[in-house]
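As structure tokens, the structure follows; a few thoughts come after it.
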Amino acid sequence: MAGIVKPFTFHCFRHSFAVLQLSKGTDIYTVSKLPGHRAIQTTQIYAKVMDKAKRDATDRIKLNF
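Residue numbers for the sequence shown follow my numbering, so the first one is 33 and each next one is one higher.
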């Protein structure tokens, strides 16, 4: 009904949850514990998604001096 054609897995839910938590300002240590990551490095993968989103957002601003 939503037009999603990609198979949706439990991993997709975990990934989306972590990215949404980071985008709302939850600290990375807390986000790492919620899905049960043993190492913070695993959670940092999701933080890289947020870094790209931030870069993309700032690239949208064009200043003409």
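Backbone N, C-alpha and C define an ideal beta-carbon position, used for all residues, glycine too.
Return the residue from the list the options that minimises the CA-CA distance to residue i.
i	options	result
D83	I60, G68, R70	I60
H47	Q73, Y78, V37	Y78
A50	K80, M33, G35	K80
G57	K86, Q73, V37	K86
F45	A71, P67, D88	P67
Could you have a look at residue i and say whether DSSP puts it in helix, strand or coil?
i	result
K86	helix
F40	coil
Within its chain, find whatever has a CB closer than 8 Å to the CB of residue i; leave out the 5 residues flanking it on each side and keep chain order.
i	result
T62	Q53
Can you find the residues in the same chain that come closer than 7 Å, C-beta to C-beta, to residue i, ignoring five residues on each side of it along the sequence?
i	result
K65	none
Which residues in the same chain have their Cβ closer than 6 Å to the Cβ of residue i, if we skip the five residues on either side of it in sequence?
i	result
T75	I60, V63, S64, H69
L95	none
Subject >> Secondary structure, alpha helix (DSSP H): runs of 4+ residues fully inside the segment 48-82 >> reply: 60-65
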